[in-house]
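Numbering (the numbering used here), first residue to last: 66 to 508.
This is how it looks when you write it as structure tokens:
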């Protein structure tokens, strides 16, 4: 089954001999980093092993939210909310962005109390977020049979179209002078006196002063070949796209049984609001103790599965030479099979909550591999042991909405500019310096 229909992007044919920075990975994070850097006058090569935005960047829900963010992400997401309204003008392309609000339904009084406490995390940011009563929820969702105790609602949250965003950002970067190379896997980095001096790609060598790894679910493998330990696993979330439907909610909505958001074409993106699939693979054992606290906190939301994927990943080498094909050249696009069971359960729950969806027709199904870290917040950081090497990965399902600000922060770190927010929570060294990995459940 094919993935979502991403806006086509045709990569450059010529490989530059040298640039200031090579960005590895053409998703929303990598493209945003490239755009920020080139806007500041730096020469950039954005290298993608497959197509721009073809993996999780085009497979996510399309939510642009600060609501229920991990508190450590709130400052960066607040910056993203300042950037998004001007993105269409900045990019010169429509990305379907609109502020239509996002709400999280609360099934119990305990849920209401928990979500009300979260509001403290955005105090001082001029963010319009509040608790809705059951009556207010009903008024904002006419035609719904839901009877929640209340809901957490943020009016300045919104949505955009994942199939449009990464290509639009990459095109804008190219228009400003960036080299954008598709089907051009980076095999590894080159070091001189311990510092980055270039990268090896399947199409040749590019000299550079810095390299940014924004490889999503592939980042851990790339780091391992570089001699770095980056604890990262993949979680698979399945999504339905419907044909256009009139009468559904305008605001995006999360509940225990489903999550939905209206699409620009009038259809809806529908997913299971809670359950995700975790495939048992060799990395599951390699990073077992790193992820044990997260497993204890979130085990109810995880569907563990064995299968052939274990053998597939066991065959992938952990090390390879720069003059031989890398694993990235054998799998251009990670395209996991969706779970019809989880999708159909979400759709059935949605139809009970909003009877208008009885008329909804499924247009497409897909799944995406979410790159997660042990504490469910990203790495946006330099690597102390390898000067000139930077990592922006592990966004744990929160990357699409935060991508403009994440690219800005990454560019700040690469160029030595004062960071737009404090980068300390996202430092790579937190997994090796004895820091306690803090799990903040529910975000």
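No residue lacks a Cβ here, since even glycine has one placed at the ideal position from N, Cα and C. Just so we're clear, the structure is a prediction, and the values are computed from it rather than from any experiment.
Pair within 8 Å by beta-carbon distance, residue i and residue j
i: residue 502; j: residue 358; result: yes
i: residue 407; j: residue 335; result: no
i: residue 480; j: residue 461; result: no
i: residue 310; j: residue 237; result: no
i: residue 318; j: residue 221; result: no
i: residue 76; j: residue 273; result: no
i: residue 346; j: residue 374; result: yes
i: residue 223; j: residue 134; result: no
i: residue 281; j: residue 287; result: no
i: residue 95; j: residue 80; result: no
i: residue 88; j: residue 242; result: no
i: residue 428; j: residue 326; result: no
i: residue 329; j: residue 226; result: yes
i: residue 187; j: residue 139; result: yes
i: residue 387; j: residue 195; result: no
i: residue 180; j: residue 217; result: yes
i: residue 505; j: residue 136; result: yes
i: residue 486; j: residue 144; result: yes
i: residue 370; j: residue 403; result: no
i: residue 435; j: residue 300; result: yes
i: residue 308; j: residue 332; result: yes
Cβ neighbours of residue i in the same chain (closer than 8 Å, five flanking residues each side left out)
i: residue 198; result: 215
i: residue 323; result: 335, 336, 337, 338, 411, 412, 414, 415 and 418
i: residue 398; result: 68, 115, 116, 119 and 120
i: residue 172; result: 213, 214, 320 and 321
i: residue 268; result: 80, 246 and 249
i: residue 210; result: 417, 418, 419 and 420
Own chain partners of residue i with C-beta closer than 6 Å, once the 5 adjacent residues on each side are dropped
i: residue 158; result: 233
i: residue 314; result: 206
i: residue 97; result: 234, 468, 469 and 472
i: residue 352; result: 296
i: residue 381; result: 392
i: residue 276; result: 87, 254, 261, 264 and 454
i: residue 142; result: 131, 134 and 467
i: residue 496; result: 296
i: residue 174; result: 214
Residues that DSSP places opposite residue i in a beta bridge
i: residue 432; result: 303
i: residue 257; result: 260
i: residue 326; result: 334
i: residue 112; result: 89 and 246
i: residue 128; result: 224
i: residue 518; result: In this structure the chain extends from 66 to 508, so residue 518 is not present and cannot be described.
i: residue 319; result: 169 and 324
i: residue 197; result: 216
i: residue 270; result: 265
i: residue 83; result: 272
i: residue 447; result: 455
i: residue 251; result: 266
i: residue 427; result: 307
i: residue 437; result: 298
Own chain residues within Cβ distance below 7 Å of residue i, not counting five before or after
i: residue 312; result: 208 and 421
i: residue 152; result: 160, 162 and 469
i: residue 449; result: 494
i: residue 384; result: 290
i: residue 71; result: 116, 118, 119, 123, 228 and 232
i: residue 379; result: 347
i: residue 349; result: 298
i: residue 476; result: 98, 101, 102 and 105
i: residue 440; result: 502, 503 and 504
Distance between beta carbons of residue j and residue i, contact taken as under 8 Å
i: residue 491; j: residue 452; result: Contact doesn't hold; Cβ gap of about 18 Å is too wide.
i: residue 432; j: residue 303; result: 5 Å
i: residue 219; j: residue 167; result: 6 Å
i: residue 271; j: residue 84; result: 6 Å
i: residue 465; j: residue 93; result: 6 Å
i: residue 245; j: residue 254; result: So it is not a contact: roughly 19 Å between Cβ atoms.
i: residue 478; j: residue 447; result: 6 Å
i: residue 488; j: residue 445; result: 6 Å
i: residue 458; j: residue 293; result: In fact, because the Cβ distance is near 12 Å, the residues do not count as touching under 8 Å.
i: residue 113; j: residue 91; result: 3 Å
Minimum Cβ-Cβ distance from residue i to chain C less than 8 Å
i: residue 305; result: Absent from the structure is chain C; it holds one protein chain and no more.
Residue i beta carbon near the ligand GDP (any heavy atom closer than 7 Å)
i: residue 130; result: Looking at this structure, you won't find the ligand GDP or any other ligand, since it has none at all.
Can you list the beta strand (DSSP E) stretches of 3 or more residues lying completely in the segment 273–299, in chain order?
-> 275–278
Write down every uninterrupted run of the beta strand (DSSP E) in the segment 342–401 whose length is 3 residues or greater and which is fully enclosed by it, in chain order.
-> 367–370
Give, in chain order, every unbroken run of the beta strand (DSSP E) that is at least 3 residues long and sits entirely within the segment 133–174.
-> 167–171
Continuous alpha helix (DSSP H) assignments of at least 4 residues falling wholly in the segment 450–500 | 464–480
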